[in-house]
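Below you'll find the structure, written out as structure tokens, and then a few comments.
2 protein chains.
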Amino acid sequence: MTETQIQKMFRSHSYRATPQRIAIYKYLSEHPTHPDVEEVYQFMLKENPNTSRTTIYNVLKSLEKEGLILAIKIDNERIRYDADTKLHGHFRCNGCNKIFDFLIDDIKCTGIDDFETKTKDMYFSGFCPKCKQK
Amino acid sequence: MTETQIQKMFRSHSYRATPQRIAIYKYLSEHPTHPDVEEVYQFMLKENPNTSRTTIYNVLKSLEKEGLILAIKIDNERIRYDADTKLHGHFRCNGCNKIFDFLIDDIKCTGIDDFETKTKDMYFSGFCPKCKQK
DNA sequence: TTCATTGCAAAAGTTTTGCACGTGC
DNA sequence: GCACGTGCAAAACTTTTGCAATGAA
Chain B
1 MTETQIQKMF
11 RSHSYRATPQ
21 RIAIYKYLSE
31 HPTHPDVEEV
41 YQFMLKENPN
51 TSRTTIYNVL
61 KSLEKEGLIL
71 AIKIDNERIR
81 YDADTKLHGH
91 FRCNGCNKIF
101 DFLIDDIKCT
111 GIDDFETKTK
121 DMYFSGFCPK
131 CKQK
Chain L
1 MTETQIQKMF
11 RSHSYRATPQ
21 RIAIYKYLSE
31 HPTHPDVEEV
41 YQFMLKENPN
51 TSRTTIYNVL
61 KSLEKEGLIL
71 AIKIDNERIR
81 YDADTKLHGH
91 FRCNGCNKIF
101 DFLIDDIKCT
111 GIDDFETKTK
121 DMYFSGFCPK
131 CKQK
């Protein structure tokens, strides 16, 4: 996504396209490694040593609220973020602690037919192919 | 579940059956409302005013580690706990903030065939039948 | 008796708040 | 120019740690 496209996206959500917002969104979309607040903060410090943690919290919270990014709560320790908002699952390996994306083809549920579903999050955990051999 | 059964369950997991553990587990299984640390603490205070928050953290963490309870991370603010460890989904209503349980009949995924899956968590959000009318 | 577990107090870590200043529109 | 957003420092809140005392097995 180009900087101009990101700007347009923010403006269509009535957000000002500040350099900080653009940089954070760009970082998330170019690093689909599901980083947490601290990783985003450390990256932003490199760009501008005056960056404040408050800004990271503000930006991530507002982007999540507006549905532009996902908050991934698969980890007990920290919330991770993902700029890919298409429906997909997350697998956490207990060996290497990495998060893997996977496709969700179909889900069949009972008991929420009359509910209005807005978001669907799916978290699996276990061992990835490499770690299960050990 | 009777107190004796809970005791046996703890012992079979090499946990000592302390009154605190039993009371916390009993509270969770009798109150399937997905309470958080603070709610468990407030309940325990009524039973014994000397209860420490540390104990709540210790007990919930160890029970979760051993798979005797589930940690539900559907809420941004707090982790909730559930003594029902059978596979089921959780729906969070953005209107009344309640958590509803639902059945998962089938999930079809692509990309993790070679993974060894130990846990499956599914979180939906949106509006419950009552709240969607407003 | 022994050692896991508890409760307390303090420390560490995380997130929010209040406010002055700066900047996108 | 105006309102939104940022950065800073402090406050608030959450969770962990170290340790002495307790009590389950």
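Which chain is which? The protein sequence lines are B and L, in order.
According to the UniProt record's numbering, the first sequence holds residues 1 to 134 in order.
According to the UniProt record's numbering, the second sequence holds residues 1 to 134 in order.
Here a beta-carbon is modelled for each residue, glycine too, at the ideal position from N, C-alpha and C.
- For chain B, the residues of the region 106-123 of chain L that bring a beta carbon within less than 8 angstroms of one of its beta carbons are D106, I107, K108, C109, T110, G111, I112, D114, F115, E116, T117, K118, T119, K120, D121, M122, Y123, in chain order.
- When C-beta distances to chain B are compared with 8 angstroms, the residues of the region 71-92 of chain L below that value are A71, K73, I74, N76, I79, G89, F91, in chain order.
- In the structure shown, L70/B falls within a strand segment according to DSSP collapsed to helix, strand and coil.
- The region 123-131 of chain L makes contact with the region 77-96 of chain L; the number of CB pairs closer than 8 angstroms reaches 3 or more.
- By the criterion of a C-beta distance shorter than 6 angstroms, G95/B is surrounded in its chain by F127, C131, once the five residues flanking it on both sides are discounted.
- With 16 or more other Cβ atoms from the protein chains shown falling within 10 Å of its own Cβ, R80/B counts as buried.
- Rounded to whole angstroms, the separation of the alpha carbons of Q42/B and D84/B is 21 angstroms.
- Under DSSP, F127/B shares a beta bridge with E116/L.
- Rounded to whole angstroms, the separation of the alpha carbons of T110/B and E64/L is 26 angstroms.
- DSSP places K108/B outside any alpha helix (DSSP H); the residue lies instead in the beta strand (DSSP E), whose first and last residues are 99-110.
- According to the DSSP assignment, Y57/L belongs to no beta strand (DSSP E) but to the alpha helix (DSSP H) extending over 53-65.
- Residue ranges of uninterrupted alpha helix (DSSP H) with 4 or more members, entirely inside the region 13-47 of chain L and ordered along the chain, are 19-30, 37-47.
- Within its own chain, the residues whose Cβ lies closer than 8 angstroms to the Cβ of L28/L, once the five positions on either side in sequence are excluded, are P35, V40, I69, Y81, D82, A83, listed in chain order.
- The Cβ neighbour count for L103/B, taken over all protein chains shown within 10 Å, is under 16; the residue is labelled exposed.
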